[in-house]
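>
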Amino acid sequence: MAAVDPTPALTLPAGFYVDPDQFRVEVEHFFMRKWVCVGRVDDLPARGDFVTRDVGVENLIVVRAEDESIRAFFNVCRHRGTRLCADPSGNTGGSIRCPYHAWTYDLSGRLVGAPHMDAVPGFRQEDWPLARVVVSEWDGHVFINLSGDPAPLSAQLGDLPDRFRSWGMADLRSSERIAYDVAANWKLIIQNYSECLHCPVIHPALNRLSHFLSGENEPAAPGHLGGAMRLRDGIASMTADGTSRRPPLPGLGPEQRRTVQYYAVLPNLLLSLHPDYMMTHLVWPRAVDRTEVVCRWHFHPDALGQPGFDPSDAVSFWDLTNRQDWHVSELSQLGIASRAYRPGPYSARESMLHDFDALILRELGQARPPG
Amino acid sequence: MAAVDPTPALTLPAGFYVDPDQFRVEVEHFFMRKWVCVGRVDDLPARGDFVTRDVGVENLIVVRAEDESIRAFFNVCRHRGTRLCADPSGNTGGSIRCPYHAWTYDLSGRLVGAPHMDAVPGFRQEDWPLARVVVSEWDGHVFINLSGDPAPLSAQLGDLPDRFRSWGMADLRSSERIAYDVAANWKLIIQNYSECLHCPVIHPALNRLSHFLSGENEPAAPGHLGGAMRLRDGIASMTADGTSRRPPLPGLGPEQRRTVQYYAVLPNLLLSLHPDYMMTHLVWPRAVDRTEVVCRWHFHPDALGQPGFDPSDAVSFWDLTNRQDWHVSELSQLGIASRAYRPGPYSARESMLHDFDALILRELGQARPPG
Amino acid sequence: MAAVDPTPALTLPAGFYVDPDQFRVEVEHFFMRKWVCVGRVDDLPARGDFVTRDVGVENLIVVRAEDESIRAFFNVCRHRGTRLCADPSGNTGGSIRCPYHAWTYDLSGRLVGAPHMDAVPGFRQEDWPLARVVVSEWDGHVFINLSGDPAPLSAQLGDLPDRFRSWGMADLRSSERIAYDVAANWKLIIQNYSECLHCPVIHPALNRLSHFLSGENEPAAPGHLGGAMRLRDGIASMTADGTSRRPPLPGLGPEQRRTVQYYAVLPNLLLSLHPDYMMTHLVWPRAVDRTEVVCRWHFHPDALGQPGFDPSDAVSFWDLTNRQDWHVSELSQLGIASRAYRPGPYSARESMLHDFDALILRELGQARPPG
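Residue numbers (the numbering used here), protein chains in the order written: chain A, 15 to 385; chain B, 15 to 385; chain C, 15 to 385.
(1) Report yes or no: is there a C-beta of chain A within less than 8 Å of the C-beta of G349(B)?
(2) With a threshold of 8 Å between beta-carbons, can A362(B) be considered close to chain A, or not?
(3) If I measure Cβ to Cβ from D324(A) and keep anything under 8 Å in the same chain, skipping five residues before and after, which residues do I get?
(4) One question on the structure: do I192(A) and C309(A) come within less than 8 Å of each other, judged by their Cβ atoms?
(5) In chain A, which residues lie less than 7 Å from L90(C) when you measure between Cβ atoms?
(6) Can you check which of these residues, E151(B), S251(B), L125(B) and I204(B), is closest to D327(B) by C-alpha distance?
(7) Name, going along the chain, the residues of the region 304-319 of chain A whose beta-carbon falls closer than 7 Å to a beta-carbon of chain B.
(8) Using a 10 Å radius around the Cβ and a threshold of 16 neighbouring Cβ atoms, would you call A301(A) buried or exposed?
(9) In angstroms, rounded to a whole number, what distance separates the CA positions of R382(B) and V147(A)?
(10) Using DSSP with H/G/I as helix, E/B as strand and the rest coil, what is I158(A)?
(11) Can you tell which of S83(A), A133(A) and D57(A) has the C-alpha that lies nearest to the C-alpha of S365(B)?
(12) Can you list, in chain order, the residues of its chain with a C-beta nearer than 6 Å to that of S150(A)? Leave out the 5 residues immediately preceding and following it.
(13) In chain order, what residues of the region 207-225 of chain B put their CB closer than 9 Å to some CB of chain A?
(14) Is it true that the CB of D303(C) sits closer than 8 Å to the CB of Q338(C)?
(15) Would you identify the three-state DSSP class for S365(C), choosing helix, strand or coil?
(16) Looking at G241(B): is its Cβ nearer than 8 Å to the Cβ of Y276(B)?
(17) With a Cβ-Cβ cutoff of 8 Å, do T305(A) and A198(A) count as a contact?
(18) Quick check: is the beta carbon of A387(B) nearer than 8 Å to any beta carbon in chain C?
(19) Would you mind telling me which residues of chain B sit closer than 8 Å to P135(C), beta carbon to beta carbon, in chain order?
(20) CB-CB under 7 Å to A278(A), same chain, minus the five flanking residues each way: which ones, in chain order?
(21) Please tell me whether A234(C) has its Cβ less than 8 Å away from any Cβ of chain A.
(22) Just to make sure I have the definition right: I need the residues of chain B whose C-beta is within less than 9 Å of the C-beta of S346(C). Which are they?
(23) Count the other CB atoms within 10 Å of the CB of M15(A); is the residue buried (16 or more) or exposed (fewer)?
(24) Pull the bridge partners of R272(B) from the DSSP assignment, please.
(25) Do I374(B) and A28(B) have their C-beta atoms closer together than 8 Å?
(26) For the alpha helix (DSSP H) that D333(B) lies in, which residues bound it at each end?
(27) Taking the Cβ atom as the reference point for each residue, do P34(C) and P135(B) lie within a distance shorter than 8 Å?
(28) For E72(B), return the contacting residues in chain C, with the cut-off set at a CB-CB distance below 8 Å.
(29) Give me, in chain order, the residues of the same chain whose beta-carbon lies closer than 6 Å to that of A116(B); leave out the 5 immediate sequence neighbours on both sides.
(30) Let me check one thing: in DSSP terms, what residues is Y194(B) bridge-paired to?
(31) Is the distance from the Cβ of D224(B) to the Cβ of F313(B) below 8 Å?
(32) Does F37(B) come out as helix, strand or coil in the three-state DSSP assignment?
(33) Quick check: R97(B) and N89(B), are their CB atoms within less than 8 Å of each other?
(34) Thinking L266(B) and P233(B) are a contact (beta carbons under 8 Å), I'd like their distance in whole angstroms, please.
(35) How would you write the range of the beta strand (DSSP E) that D63(B) sits in, first residue to last?
(36) Going by Cα to Cα distance, which pick from P264(C), V215(C), H368(C) and V41(C) is closest to D185(C)?
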C-alpha cells in the first residue's frame with residue numbers, strides 16, 4: 015500500500031474574498047444572526063443617550079432607556095419608514111421623535127404620539143412599536159443580535175468571561191478612537207490579526223517590543239480565536255518606546271502583566287488586552303472588498319483621571335501598526351482577485367488562520383467553496 | 015355576520031423605493047410614455063436657441079426652429095451616433111452640425127449636409143433625419159413625449175388649463191434657478207410635496223405663513239394631484255417675512271390672492287402658484303435612490319422690469335424649505351431600505367399620497383407590488 | 015429579375031459599445047488571448063528594473079531578469095495571494111520579495127525563500143513559483159500573452175516588422191508620457207484613430223500639416239490596420255508649427271521622410287511613425303465605457319543627447335489633438351447609448367473602420383451582434 019504524501023493546509027479560494035454573493039451570505043450568517051459587538055456601556059452614560067450603528071445594511075439605534083437598561087431598535091419610523099436618528103450619537107431626551115411627522119416613541123420603543131392618526135379607523139397606537147433588537151452585555155461590551163430569537167450571548171463567548179475577568183474590562187473607559195476605511199474583505203482583517211508571522215517584515219517596531227515567535231495560541235473555539243504574546247524583558251506595554259505612562263490594571267497578576275492577549279471575538283470584535291489598557295477593533299464589512307475598522311483605546315478611570323493624562327504612547331504605536339496591516343491587507347485583496355491566485359500553503363505559524371477558515375466553511379455549510 | 019375591522023391605508027412596499035428593476039419600469043412607464051415637462055417657452059426666445067435635457071437615460075435637444083415652433087430631437091447624430099450638442103443651452107445658428115464629421119441638420123431635423131457621403135452607393139440624405147420627439151405647450155410650459163404616437167397633452171392635463179388660466183402663466187418669465195441632487199426615490203419627492211402634515215415639524219417658517227391644516231385637496235385626477243392652501247391673515251405671499259416686493263399677478267381675483275396652489279402635474283412638474291409669482295420644480299429620476307430636482311422662480315415681466323428687481327425674498331424662503339424637504343426625503347429613503355420597514359398607516363392628512371400610490375399601482379397594472 | 019439597391023456599410027449595433035457582457039467577451043478575447051503591447055525595452059534598462067501593468071483585470075510584473083531577458087509574471091504571491099509590487103515601476107534588486115511575509119522569488123520566478131515553511135509536511139519550494147507570462151519583443155516593443163500557449167508574436171504582426179524596419183524603432187528611447195482617462199469604449203478610440211475624415215472638423219491645426227485626404231490605407235490584416243498620410247509641402251513633421259527641431263531618423267529614405275505612418279497594431283498599440291520621432295498610444299480598456307490611453311513620444315538617442323533637447327513641439331501638438339479626439343469619442347459613447355441610436359452609414363473615407371468592425375465580428379464569431 016502506497017504512502018500518501020502529506021499536503022499543506024491551504025488558504026481559501028478566491029470567491030470568499032471577491033464574490034459579492036458570497037459576501038452577502040457571510041454578512042447574513044455572521045452579522046445578521048450572531049451576536050455582534052456594537053460598542054461599550056460607557057458610550058451611553060445617561061438616560062436617553064444613544065449611538066447609531068450600521069450592522070450589515072441595517073442601521074440601529076442603541077439607547078439607554080428610562081430603566082437604565084440598554085435597548086436597541088431598527089432606526090425606522092413605523093409611519094413612513096423615515097430614519098429616526100441621523101446622528102452617530104447624542105441624547106434623545108425622554109423619547110424618540112421622528113423628524114418628519116413627529117411620531118414619537120418612548121425609550122422602550124412604544125409609540126406614544128402619532129399626530130392626526132386618532133381619527134383613522136382601525137388605527138391603534140399599540141400596533142406600531144419600533145422594531146426591537148435584542149441586546150446583551152459582557153463586562154462593559156455591548157452586543158446586539160438581529161436573528162430574532164438567539165441563543166444567549168454567553169453561549170457564543172464560551173470561556174472568555176472567565177478568562178478575562180482579571181482585566182476588569184467593565185471598569186475601563188474609552189478615550190481615543192480612530193476609524194479606518196480599508197479596501198479589503200473583512201476576513202483578511204481578521205486573518206491579519208490572527209498571526210504575527212508578518213510582524214518582523216512589516217512591524218519592526220512591534221517586533222522590538224514583543225517577539226513574533228513568543229505567541230501561544232489557544233485552541234480555537236466556535237466563537238473566538240486567540241492567544242497571548244509575551245512582552246520582551248524590560249518592555250512594560252505596547253507603546254511607542256515600550257514604557258508605559260500608566261500603572262498596570264489593578265486586577266492583574268505578575269504573569270498577566272508580561273503578556274498581551276489578542277483575541278478575535280467573532281464575528282467583529284478584536285480584543286487586545288494590554289497590561290495597562292484595552293484596545294478594541296470593531297470590524298464592519300461594507301462590501302466584499304471594503305471594511306470599516308473602528309479602533310478604540312480604553313483605560314482605567316484612575317489613569318484617565320490623572321492630571322495630564324496622555325494616551326498618545328499607546329495610540330500612536332497602534333495607529334502606525336494598524337496602517338501597516340491595512341496596507342498589506344489591501345495588497346492581498348488586489349492579488350487574490352487575479353485569475354492567477356490559487357490557494358496557497360499556510361505555515362505552522364498561521365494555524366489560527368486555518369482554524370478560522372475551517373470555522374467559516376463549517377458555519378456556512380460550504381463543503382464546496384465558491385470561486 | 016361578523017363585522018370587519020377597518021384597516022388604515024398603508025404606504026407602498028419597500029420595493030417601490032429600493033428595487034432598481036422597479037425603477038426602470040417606472041421610468042419607462044412615466045417618463046418614456048407620458049408627456050414630460052422640459053421647461054418653459056421663454057427658455058428659447060430666438061430661432062436656433064436650444065436646451066438639452068436628460069429624460070430618463072435619454073438626452074434630447076429642444077430647439078426653436080426657423081418657423082418659430084419648438085422642436086425636439088434625440089441628441090444623436092445619424093452618422094456614428096455622436097451626441098450633437100454637449101452644452102446645456104445655447105444657439106445652434108441656423109442648423110445643427112455634428113462636432114465629429116460635420117453632418118448637418120436643419121432645425122426641422124432634416125439632414126442637409128454629409129461630407130463625402132455622396133459617393134456612397136445607396137446613400138440618400140432623406141433617409142437619415144434626426145429622430146424627432148413630439149412637443150406640445152401649455153401656457154408657457156413645454157412638454158415632450160417619447161412614446162411615438164401619444165394622446166394629446168390636453169388629455170393628460172385634464173382641467174388644469176381652465177383652472178389656472180387666471181394666473182396668466184404664459185406671460186411669466188423665468189428668473190432664478192437652483193438645482194438639487196437628492197438621495198431619494200422620485201416618488202418620495204412627489205409624496206413630500208403632496209402633504210403638509212410635516213410642515214409644523216420641519217417647516218416652522220412656512221407654517222407661520224400658511225397654516226398646515228388650511229389646505230383643501232381637489233379630487234385626484236389621472237394626470238395631477240393638488241389643492242390650495244390659504245395664506246394667514248396679513249401674509250401677502252410665501253416669502254422670508256410674509257410680505258411681497260411685487261404686486262399680485264394681474265389676472266387674479268381677491269380670493270385667488272389669498273391662496274397658494276400646489277399641484278403635482280405628473281410625472282415631473284410640481285407647480286406652485288403664488289399670488290405674485292410661479293415656482294416650478296422639475297423632478298428628474300436618476301436612479302432608484304437619486305433624483306435631480308430643478309427649482310425655478312418665474313415672475314411677471316412688469317415686476318422683472320422694475321429697477322432693483324430682487325426675487326430673493328421668494329427664493330431664499332423656498333430654498334430653505336426645499337432643503338428641509340430633501341433632507342427628510344433622504345431619511346425616508348434610508349429607512350425604507352431596512353428589512354424592518356413595513357408599509358405604515360397614512361393619516362387623513364395624507365390622503366393625496368394614498369391617491370398617488372393608487373395611481374402608480376393602477377398605471378403599472380401592479381396589483382402585487384414588488385418588495 | 016429586379017436590381018437590388020446597394021446599401022451603405024453600417025456602424026456596429028449599440029451593444030458593442032454599451033453592454034458590459036460584450037465588454038467582458040472582448041477583453042477576454044483580445045486582451046487575455048492576443049499578444050498585448052506593455053511598453054518598451056528601454057523601460058527596463060538594468061537588471062531588476064520592473065514595471066507593473068494592468069491588462070484587463072490582471073496586474074502583471076514585467077522585469078529585466080539576471081540573464082538580461084525580460085520576464086513577466088502575475089503580480090501575486092503564491093503564499094496568500096498578496097500583490098508583490100505595488101509601485102508602477104522601480105527596481106526589485108536581485109529578487110522579488112513579498113511585503114507581507116517575505117516569500118522571495120528570483121527574477122525567473124522561482125521561490126527561493128519562504129520563512130517558517132520548511133517544517134510544513136509536504137511543502138516543497140519548487141512547487142510554488144510565480145505564475146509566468148510569455149514575453150516577446152519586436153523592435154523595442156515588449157508584448158505579453160496571457161493565453162498560456164500562444165502562436166508566436168510574428169504571426170500576429172504579419173508584415174509589420176519588414177514594413178517598419180527603416181525607422182529603426184529598437185534604437186529609439188522614450189522621453190515624454192501623458193496618460194488619459196477617456197469615458198468611451200476602447201473600440202471608439204481605435205476607430206477614431208483609423209480615419210481622418212474628422213480632421214478638418216476637429217483638428218484644423220493637424221489638417222494644416224497633413225491634408226486629411228492625403229491618406230492611403232493599406233489592406234487590413236488580421237493583426238493591424240493602417241496606412242500613411244503625406245506631409246504638406248514645406249512641413250517637416252507633425253509639430254505645433256510644422257517644423258522639426260530634430261533631424262530625420264537615420265534609416266529613412268526621401269519618400270519616408272514625407273509621410274507619417276499610422277497603424278493600429280491590434281489590440282492595443284497605436285503606432286505613429288513620424289520622420290523624426292515615434293509616438294505610441296497604449297489603449298487599456300477599463301470598462302465598457304472607459305478606456306485609459308497612455309501616449310508616449312520616443313526619439314533617436316542622438317537627438318535626445320543634444321544639449322537643450324526639447325520635445326515639446328511634438329508633445330504639445332499631439333496632446334491637443336489627443337484631447338480633441340477623446341472629446342468626440344466621449345460624445346460618441348454618450349450618443350450610442352441612446353435608444354435612438356441606429357447603425358449609421360460609413361463613407362468611403364471610413365473604410366478602415368468597416369474593416370475593423372468586420373474583424374471584431376469575425377474574431378468573436380458573432381454573426382448576430384449584441385444590442
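The beta carbon of each residue, even a glycine, is placed where N, CA and C say it ideally should be.
On the basis of the coordinates in this document:
(1) In the second sequence, residue 349(B) corresponds to position 335, counting from 1. Judged by the 8 Å Cβ criterion, G349(B) is in contact with chain A.
(2) The residue labelled residue 362(B) in the question sits at position 348 within the second sequence. Interface residue, yes.
(3) Taking the first sequence and counting its residues from 1, one reaches residue 324(A) at position 310. Excluding sequence neighbours, D324(A) sits near R259.
(4) For the purposes of this step, residue 192(A) is taken as residue 178 along the first sequence, with counting starting at 1. For the purposes of this step, residue 309(A) is taken as residue 295 along the first sequence, with counting starting at 1. A contact, by the Cβ cut-off of 8 Å.
(5) Within the third sequence, the letter at position 76 stands for residue 90(C). Note on identity: in this sequence residue 90(C) is Val, with Leu being the wrong assignment. Chain A residues near V90(C): G349, S352, A354 and Y355.
(6) Numbered from 1 along the second sequence, position 313 holds the residue referred to as residue 327(B). Ranking E151(B), S251(B), L125(B) and I204(B) by Cα distance to D327(B) puts S251(B) first.
(7) none
(8) Within the first sequence, residue 301(A) is the residue found at index 287, counting from 1. Under this definition A301(A) is an exposed residue.
(9) In the second sequence, the residue the question calls residue 382(B) occupies position 368. In the first sequence, the residue the question calls residue 147(A) occupies position 133. Residue placement at R382(B) is flagged as unreliable, the pLDDT there being 49, under the threshold of 50; the coordinate-derived value follows with that caveat. If you take the alpha carbons of R382(B) and V147(A), they lie about 30 Å apart.
(10) Position 144 of the first sequence, counted from the first residue, corresponds to residue 158(A). I158(A): strand per DSSP, three-state reduction.
(11) The residue given as residue 365(B) occupies position 351 in the second sequence. Nearest C-alpha to S365(B): A133(A).
(12) One-based indexing of the first sequence puts residue 150(A) at position 136. Correct list, in chain order: F157 and L167.
(13) E209, L211, H212, P214, V215 and I216
(14) In the third sequence, the residue the question calls residue 338(C) occupies position 324. In the third sequence, the residue the question calls residue 303(C) occupies position 289. No. Outside cutoff.
(15) Your numbering for residue 365(C) matches position 351 in the third sequence. In this structure, S365(C) counts as helix in the three-state DSSP scheme.
(16) Position 227 of the second sequence, counting from 1, holds the residue named residue 241(B). Position 262 of the second sequence, counting from 1, holds the residue named residue 276(B). Contact flag set, yes.
(17) Translated into the one-based positions of the first sequence, residue 305(A) becomes position 291. Translated into the one-based positions of the first sequence, residue 198(A) becomes position 184. Contact: yes.
(18) Lying outside 15 to 385, the shown extent of chain B, residue 387(B) is not represented and no answer is given.
(19) For the purposes of this step, residue 135(C) is identified with residue 121 of the third sequence, where counting begins at 1. Within 8 Å Cβ-Cβ: nothing; P135(C) doesn't reach chain B, min ~47 Å.
(20) Stepping through the first sequence from its first residue, residue 278(A) is reached at position 264. Closer than 7 Å at the Cβ level, and outside the excluded window around A278(A), lie I204, Y207, S208, H238, L239, G240 and L284.
(21) Taking the third sequence and counting its residues from 1, one reaches residue 234(C) at position 220. Output row for A234(C): interface = no.
(22) Your numbering for residue 346(C) matches position 332 in the third sequence. Those within 9 Å of S346(C) in chain B are C91, R94, G95, T96, R97 and Y114.
(23) Taking the first residue of the first sequence as 1, we reach residue 15(A) at position 1. Residue confidence is low: M15(A) scores 44 on pLDDT, short of 50, so the model does not pin down where it sits. Its coordinate-derived value is still stated next. When all chains shown are included, M15(A) counts as exposed.
(24) Here residue 272(B) refers to the residue found at position 258 when the second sequence is read from its first residue. Note: R272(B) sits in no beta bridge, so no partner.
(25) Translated into positions along the second sequence, residue 374(B) becomes position 360. Translated into positions along the second sequence, residue 28(B) becomes position 14. Their beta carbons are not under 8 Å apart, which means I374(B) does not touch A28(B) by this criterion.
(26) By 1-based counting over the second sequence, the position of residue 333(B) is 319. Its alpha helix (DSSP H) spans residues S326 to I350.
(27) Taking the first residue of the third sequence as 1, we reach residue 34(C) at position 20. Taking the first residue of the second sequence as 1, we reach residue 135(B) at position 121. No, the pair does not count as a contact, with Cβ atoms beyond the cut-off.
(28) As a position in the second sequence, residue 72(B) is number 58, starting the count at 1. Here the neighbours are S352, R353 and A354.
(29) Sequence index remark: in the second sequence, residue 116(B) carries index 102 (1-based). Once the five neighbours on either side are set aside, the close Cβ partners of A116(B) are P129.
(30) Position 180 of the second sequence, counted from the start, is the residue given in the question as residue 194(B). According to DSSP, Y194(B) bridges with V307(B).
(31) By 1-based counting over the second sequence, the position of residue 224(B) is 210. By 1-based counting over the second sequence, the position of residue 313(B) is 299. With the sequence shown as reference, residue 224(B) is identified as Ser, and Asp is not the correct amino acid for it. No, these two residues do not count as a Cβ contact at 8 Å.
(32) Translated into the one-based positions of the second sequence, residue 37(B) becomes position 23. Reduced to three states, the DSSP call for F37(B) is helix.
(33) In the second sequence, counting from the first residue as 1, residue 97(B) sits at position 83. In the second sequence, counting from the first residue as 1, residue 89(B) sits at position 75. Going by C-beta atoms, R97(B) is nearer than 8 Å to N89(B).
(34) Taking the first residue of the second sequence as position 1, residue 266(B) is located at position 252. Taking the first residue of the second sequence as position 1, residue 233(B) is located at position 219. That belief does not hold up - the Cβ atoms of L266(B) and P233(B) are roughly 23 Å apart, past 8 Å.
(35) Indexing the second sequence from 1 puts residue 63(B) at position 49. D63(B) -> beta strand (DSSP E) spans D63 to V69.
(36) The residue given as residue 185(C) occupies position 171 in the third sequence. Ranking the options by Cα distance to D185(C), first place goes to P264(C).
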